[in-house]
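**Q**
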Amino acid sequence: MNSYFWVFSALLLTVASVFVVMLPKRWERRAAPENNADWLRLRQRELSDSAPELREEAALRVIEDGFISDAPAVALPAHYSTKRQLLGVAALFILVAGLYVKLGSFEDVVITEALDGLDSASPADISALIERIGRRADVRPKNADYSLLLAEYHLSTNEPLLALGYFDRLIEAGATSPEILGKAAQAEFLSADRQLSERARSRAQQALALDPMASAALATLGMAAFEAADFAAAIRYWETLRSLEPEGSPGHQMLGQVIERARSEMADSNTPSEVPVGLVVRATLPDAFEVAPEATVYVLARPEQQQGGMPIAVVRTRAEEWPLVVPLDDGHSMAGQKLSNFNTVAVEVQVSVNGQPGRDNSIAWGVVNSATVGASEPVAVVLEPTGSR
């Protein structure tokens, strides 16, 4: 722990000890105590300009109360017990230390410092730290940071069952971000010997409803579809996931390989190929509105007249050229849905500068509430600025 903490703690306790031991010995009354005569003189000064009767009344009251001479009373010296005071100081130290260890954040500070030094830690040190964090998380189950850290660690070390327990704890506490829902589904899928339960599927689909580009949910549903020999669905999920990776990166290349394998498996199974049925979206901007080429554009299809929830299909692209023309077909469908199963859909276009989907993250947005699937003419969507940048 930071040495300054101990320095200031020792300083404060030393000051407290001085107050307990030294100051009482100096708290002695050196002035003579007041008596009735003092009170009479004070009262006479106050009544100097008043009627003589009032002065006589004050003097009479002194006589009735009993006149006390000006000689100060002799007071017995105070009795101090050094032993008891030292015991009080020791009790103070023990009480402060006990309260801090029990109610304070001593253990949290130690864990934080250990996390800061992970770069030079050995595997044994990391394992010991994870065990320590696990014990602390059991003491403070509402600490979302510990639960998330442990869930991520166990998922990365191929311990999905342990990770699932911490993800469940997070979700029960109300943490329902797309990332947590997707990884919880992934952990449950892997811990169940690559079998996707209804709860895991529901969590993955909920993650995609919140964020169509939730990578963990896309990966999980893609793996589940591949295991179920639904290679077309697996390809759709993985192609969407690959669009999130920089071209040429290891992740992009790996996904390309698994997509090719899925296509090979689909060809070997003699799955008949169908002509894609979908629509073409043509998005335009107002003349005076400019969008940076690196901005992200999301083109979504939802059930007709619906402007929320999980999309049927989605395309993520760059705003490199306007008007923007984007095709939508079954290859872009989400969560096992097919665009070709719908006669009409609502088409929405979002322009995001931070790369995140959603109208709250959009600088321009437009929607057509009813568009015919399979129409030969493009669906024209005119975008309007949202006022955020």
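Here the numbering used here is used: the first residue of the sequence shown is 110, the next is one more, and so on.
Backbone N, C-alpha and C define an ideal beta-carbon position, used for all residues, glycine too.
Less than 9 Å separating the beta-carbons of Gly360 and Glu369?
**A** In this structure, Glu369 does not lie closer than 9 Å to Gly360 by Cβ.
**Q** For a cutoff of 9 Å on Cβ pairs, would you count Lys292 as touching chain D?
**A** Note that chain D does not occur in the displayed structure, where there is just one protein chain.
**Q** For the alpha helix (DSSP H) holding Trp347, just list the boundary residues, first then last.
**A** Phe340 to Arg351 is the span of the alpha helix (DSSP H), which, as asked, contains Trp347.
**Q** What residues are listed by DSSP as bridge partners for Val488?
**A** DSSP output for Val488 lists Val390 as bridge partner(s).
**Q** For Arg468 versus Val434, is the C-beta spacing smaller than 9 Å?
**A** No; because the gap between Cβ atoms is not below 9 Å, this pair is not in contact.
**Q** So, helix, strand or coil for Thr191, using DSSP?
**A** The answer is helix: DSSP assigns Thr191 an H, G or I state.
**Q** Looking at C-beta atoms only, is the number of pairs between the segment 412-425 and the segment 483-492 that lie closer than 8 Å three or more?
**A** Result no; under three Cβ-Cβ pairs closer than 8 Å.
**Q** Please look up how many angstroms separate the CB atoms of Ala296 and Leu264, rounded, as I've assumed it's under 8 Å.
**A** 6 Å between Cβ atoms; contact.
**Q** Apply the 10 Å Cβ neighbour rule to Ser373 and answer buried if 16 or more other Cβ atoms are within range, or exposed otherwise.
**A** Its Cβ having fewer than 16 others within 10 Å, Ser373 is exposed.
**Q** Look up Pro436 in the DSSP assignment and say whether it is helix, strand or coil.
**A** Here Pro436 sits in strand by DSSP.
**Q** By the DSSP assignment, the alpha helix (DSSP H) with Pro287 in it spans what residues?
**A** Pro287 to Ser300 is the extent of the alpha helix (DSSP H) around Pro287.
**Q** So, with DSSP's three-state summary, where would you put Leu330?
**A** The answer is helix: DSSP assigns Leu330 an H, G or I state.
**Q** Output the boundary residues of the beta strand (DSSP E) element that contains Pro412.
**A** Per DSSP, Pro412 belongs to the beta strand (DSSP E) from Thr405 to Pro412.
**Q** With C-beta atoms as the reference, is Leu327 less than 9 Å away from Leu350?
**A** Going by C-beta atoms, Leu327 is nearer than 9 Å to Leu350.
**Q** Write down the C-beta distance between Glu457 and Arg411 rounded to the nearest angstrom, noting that I regard them as a contact closer than 8 Å.
**A** Contact flag correct, Cβ pair sits at about 7 Å.
**Q** Should Met443 and Ile421 be called a contact, given that it needs their Cβ atoms to be closer than 9 Å?
**A** In contact: Met443 and Ile421 (Cβ atoms closer than 9 Å).
**Q** Cα-Cα, which of Gly464, Thr495 and Ala455 is closest to Asn478?
**A** The shortest C-alpha separation from Asn478 is found at Ala455.
**Q** Between which residues of its own chain and Arg425 is the CB-CB distance below 7 Å, once the five residues before and five after are set aside?
**A** Only Met322, Ser352, Thr405 and Tyr407 meet the Cβ criterion.
**Q** Of the choices Thr285, Pro232, Leu224 and Leu290, whose alpha-carbon is the least far from that of Leu258?
**A** Checking every option, the nearest Cα to that of Leu258 belongs to Leu224.
**Q** Taking C-alpha atoms, which residue in Glu288, Ala333 and Ile289 lies nearest to Arg310?
**A** It is Ala333 whose Cα lies nearest to the Cα of Arg310.
**Q** By the 10 Å Cβ neighbour count, where 16 or more other Cβ atoms means buried, how is Ala282 classified, buried or exposed?
**A** Exposed, because fewer than 16 other Cβ atoms sit within 10 Å of the Cβ of Ala282.
**Q** Locate the alpha helix (DSSP H) running through Ser231, then write down its first and last residues.
**A** Neither: Ser231 is in no alpha helix (DSSP H) and is coded neither H nor E.
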